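Visitor:
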């Protein structure tokens, strides 16, 4: 994958993530992401601080019915996308956890390339608010995502790492 970005725009922790997915060598890929088949190394197409653009090639492997992606999958992929968006807006020493995640389904998520774009709408010292939209090849809105992230120190989220 070739992802253009300026490393100086991001925290050292996020730089490690970007290097890993750009090289295809992401040894710390969370097990839950791997087991679900979420592939930022292939689907993340553009990034800048506080904004991400994914293209998910929906081949039907996550359908609940023919031509309809399972809502739980939509929720899981949405949480990943807004989380990477938030991650891109953190400074050194910061981490986050999901506070609230709302998924609004407007249309069935059918097969084909699905564009998912997320951006940080508001960022304070302790909270990030992110919105994302899923659109089909015709540009029709399929899903709207609203997410709130609690921003804390790395130690507060992950514990001390001695």
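Residue numbers (this note's numbering): 6 to 167.
Ideal Cβ placement from N, Cα and C applies to all residues, glycine included.
Being a predicted model, the structure only gives us computed values, none of them experimental.
1) Which term fits residue 163, buried or exposed, when burial requires 16 or more other beta carbons within 10 angstroms of its beta carbon?
2) Using CA atoms only, rank isn't needed, just tell me which of 74, 88, 16 is closest to residue 49.
3) Closest to residue 124 by C-alpha separation, out of 150, 145, 140, would be which residue?
4) Should residue 153 and residue 105 be called a contact, given that it needs their Cβ atoms to be closer than 8 angstroms?
5) Nearest-angstrom Cα distance between residue 157 and residue 72?
6) Grab me the residues of residue 2's own chain with a C-beta within less than 8 angstroms of its C-beta, minus the 5 sequence neighbours each way, in chain order.
7) Which whole runs of the beta strand (DSSP E) in the region 30-118 are 3 residues long or more, in chain order?
8) Which of helix, strand or coil does DSSP assign to residue 13?
9) Between which two residues does the alpha helix (DSSP H) containing residue 160 stretch?
10) Can you tell me whether residue 154 is helix, strand or coil according to DSSP?
Guide: This is what the structure holds:
1) Counted from its first residue, the chain shown places residue 163 at position 158. Looking at its Cβ environment, which holds fewer than 16 other Cβ atoms inside 10 Å, residue 163 is exposed.
2) Start at 1 with the first residue of the chain shown, and residue 49 comes out as number 44. Answer by Cα proximity: 88.
3) Residue mapping note: residue 124 aligns to position 119 of the chain shown, counting from 1. Nearest C-alpha to residue 124 among 150, 145, 140: 150.
4) As a first step, residue 153 must be located in the chain shown, where it is residue number 148. As a first step, residue 105 must be located in the chain shown, where it is residue number 100. Against a cut-off of 8 angstroms, the Cβ pair of residue 105 and residue 153 comes out as a contact.
5) Residue 157 sits at position 152 when you count from the first residue of the chain shown. Residue 72 sits at position 67 when you count from the first residue of the chain shown. About 40 angstroms.
6) Because residue 2 is not part of the residues shown, which for the chain are 6 to 167, the question remains open.
7) Qualifying beta strand (DSSP E) stretches, in chain order: 49-53, 56-63, 68-70, 99-110.
8) In the chain shown, the residue the question calls residue 13 occupies position 8. Helix at residue 13.
9) For this step, residue 160 is matched to residue 155 along the chain shown. 159-163 is the span of the alpha helix (DSSP H), which, as asked, contains residue 160.
10) Within the chain shown, the letter at position 149 stands for residue 154. Three-state result, residue 154: strand.
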